[in-house]
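Everything in the sequence shown is counted per our numbering, starting at 983 for the first residue and increasing by one.
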Amino acid sequence: MNHGSIVSGLLRHFVLTLRLNFRSKQAIVYGYFVPVFFLLAFGSVFRADTPPLFGEMGQILAISILGGACFGLPTALVAERERGVWRRYRLLPAPTLGLVLSTLAARLIIVGSAVGLQIGLARLIYHTPFPLNPGQLTIGFIPVAFAFMGLGLLVAALADDVPAVQALGQCLFLPMILIGGVGVPLVALPAWAQFFAGFMPGRYAVEVLQDCFSDPHGLHKSGFGLIALGIIGAAAGIVGAKLFRWDAGPRRNGRSTFLWVSLALLSWIGVGAVAAATGRLKPLASTASRYESITFAQMDSITYEDLPGDNELVSRLAPSYRGSIVPPIYQEFSTKLKLWPAAQASDAGQTARNLLSVAAIADIVADLHEAEIARAVFDELQERIGREELRRVLTWIILRPDESTVIVTAPELGLKRHPPEALVRERSVLYAKKFLGRLLGKIPD
983 MNHGSIVSGL LRHFVLTLRL NFRSKQAIVY GYFVPVFFLL AFGSVFRADT PPLFGEMGQI
1043 LAISILGGAC FGLPTALVAE RERGVWRRYR LLPAPTLGLV LSTLAARLII VGSAVGLQIG
1103 LARLIYHTPF PLNPGQLTIG FIPVAFAFMG LGLLVAALAD DVPAVQALGQ CLFLPMILIG
1163 GVGVPLVALP AWAQFFAGFM PGRYAVEVLQ DCFSDPHGLH KSGFGLIALG IIGAAAGIVG
1223 AKLFRWDAGP RRNGRSTFLW VSLALLSWIG VGAVAAATGR LKPLASTASR YESITFAQMD
1283 SITYEDLPGD NELVSRLAPS YRGSIVPPIY QEFSTKLKLW PAAQASDAGQ TARNLLSVAA
1343 IADIVADLHE AEIARAVFDE LQERIGREEL RRVLTWIILR PDESTVIVTA PELGLKRHPP
1403 EALVRERSVL YAKKFLGRLL GKIPD
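Here you go:
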């Protein structure tokens, strides 16, 4: 048989595989119904975000790919093997690799359409913005799908029947959902779970997809994640191909099978070890990563019409002292702020929360110099945090006023009274709006 006939045969096999998958109830459930279920579940929890689900789309899309690759793919392969389909394929002159790649390509189309469905439904139901980098999202989708389909191929090689696929698939699916950063946001996990998530491909899949979706710079920070997914996918795919079976029936799991499977697991351990050695697995504080996902669209959604004036009773703010005489109280308070330990938090989000709390406390207790204190806080924020990052942090504080912690008393700064936390958070948002409006040029300074 000539080369053209083989290519034509593989193309027909690809089309046939697609048609059979769309006729399979199990393929439809794992490929589409399960992802939609998780979309609605996430929507019920995060629909109050602004914009809704924008910071969780990486998880939602990763679940779609994970379900289609680790359940849909091996279920289809094992079901066909049980019906004797692959034993008949063995008689064909087409190479084994070509038939497997044709099957994987068909699954890639199904998983890709599920991802597109998720994005469309999120937009339709929750008004979630489209990805900031659709082209890079397409690029990032490939290594994520490659890694998960490699695992799916390995599951198909090890499973004796379809029920065994469910059991083995759950061994991969549940850990990544629960402690792998896929189902539960990584930042919400305890430190030990965040560490172990670094040994699982789900964490890197979410990071890559979320960067493409909400980071204006796209994949510029995703180099390690892309490499990790490539290594894990290649190891699982090679082992899955090595253990691939044409015939139905129980596998004889000898020493060689154990060694091959260990090779696939070693790729997980190797990736996690490198991530730990390079400091990538440090625990994330509850404030981390939240403000980093803030977009320009979210910044533009902030309104300033109802803000009190700078000279009114609430949230007073002194004018800028650039080019004018600086009051001694401003200089004295600015010096105290620079030495204040709470203004030196390791996370920019927490630093901003603490500093805004100072302005809020002074405002609530009607300090005689509250306007000068607020100006000192604004200038200190600009000095400590880069302009672009500060915009994101202030937007995050405005949109997520109840996250992380706030300071309710600062005796080191002469603010000894203890106003209610809820009031401190409320005034912090007012000052954050005043500061953000000035940084964006929407409020004259």
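Even for Gly, the Cβ is constructed at its ideal location relative to N, Cα and C.
C-beta atoms of residue i and residue j nearer than 9 Å
i, j, result
"Leu1263", "Gly1180", "yes"
"Phe1360", "Leu1412", "no"
"Ser1046", "Val1097", "yes"
"Gln1100", "Val1018", "yes"
"Ala1342", "Val1375", "no"
"Phe1422", "Arg1366", "First, the residue type needs correcting, since residue 1422 is Leu and not Phe in the sequence shown. No, these two residues do not count as a Cβ contact at 9 Å."
"Lys1416", "Asp1282", "no"
"Ala954", "Asn1336", "Because the chain here runs from 983 to 1427, residue 954 falls outside it and cannot be looked at."
"Ser1114", "Thr1277", "Checking the sequence shown, residue 1114 turns out to be Leu, not Ser. Cβ distance < 9 Å, so Leu1114 and Thr1277 count as in contact."
"Asp1158", "Pro1183", "This sequence places Met at residue 1158; Asp is not what is there. For Met1158 and Pro1183, yes; Cβs fall inside 9 Å."
"Glu1354", "Ile1311", "yes"
"Ile1284", "Ala1334", "no"
"Tyr1108", "Gly1025", "yes"
"Pro1401", "Val1347", "yes"
"Trp1322", "Glu1394", "yes"
"Gln1192", "Gly1040", "yes"
"Val1082", "Gly1013", "no"
"Leu1449", "Ala1141", "The displayed coordinates of the chain run from 983 to 1427. Any statement about residue 1449 would go beyond what the structure contains."
"Leu1225", "Ser1084", "no"
"Tyr1303", "Ile1425", "no"
"Leu1021", "Leu1103", "yes"
"Asp1349", "Glu1274", "no"
"Ser1249", "Ala1217", "yes"
"Leu1154", "Gly1219", "no"
"Val1036", "Phe1195", "Reading the sequence as shown, one finds Phe at residue 1036 and not Val. Cβ atoms of Phe1036 and Phe1195: closer than 9 Å."
"Arg1357", "Pro1301", "yes"
"Leu1160", "Met1131", "no"
"Ala1404", "Ser1339", "no"
"Pro1111", "Ala1279", "yes"
"Ser1244", "Gln1332", "no"
"Leu1289", "Gly1419", "yes"
"Asn1003", "Ala1088", "yes"
"Gly1054", "Gln1118", "no"
"Trp1228", "Trp1068", "yes"
"Phe1178", "Gly1080", "no"
Endpoints, alpha helix (DSSP H) assigned at residue i
i, result
"Phe1315", "Pro1310 to Leu1321"
"Ser1238", "Arg1237 to Ala1259"
"Trp1068", "Val1067 to Tyr1071"
"Tyr1012", "Tyr1012 -> no alpha helix (DSSP H), and no H or E assigned at all."
"Glu1038", "Careful: Glu1038 lies outside any alpha helix (DSSP H) and carries neither H nor E."
"Asp1282", "Phe1278 to Asp1282"
"Glu1062", "Leu1055 to Glu1064"
"Arg1185", "Pro1183 to Ser1196"
"Leu1150", "Val1144 to Leu1160"
"Ala1223", "Gly1205 to Lys1224"
"Gly1122", "Pro1116 to Leu1140"
"Trp1174", "Ala1173 to Ala1179"
Within-9 Å CB hit, residue i to chain C
i, result
"Pro1401", "Of the protein chains in the structure, only one exists, and it is not chain C."
Complete runs of the beta strand (DSSP E) confined to the region 1345-1420 [at least 3 residues]: none
Contact between the region 1303-1318 and the region 1402-1422 (3+ Cβ pairs under 8 Å): No, because fewer than three Cβ pairs between the region 1303-1318 and the region 1402-1422 fall closer than 8 Å, the two stretches do not touch.
Stretch-stretch touch, CB-based, cutoff 8 Å, three pairs: the region 1051-1064 with the region 1205-1216: no
Given 8 Å, three or more beta-carbon pairs between the region 1050-1061 and the region 1175-1195: no
Three-pair Cβ contact test at 8 Å for the region 1163-1179 versus the region 1133-1153: Taking 8 Å as the limit for Cβ pairs, the verdict is that the region 1133-1153 does not touch the region 1163-1179.
Inter-stretch contact at 8 Å, needing at least 3 Cβ pairs: the region 1037-1054 / the region 1201-1208: no
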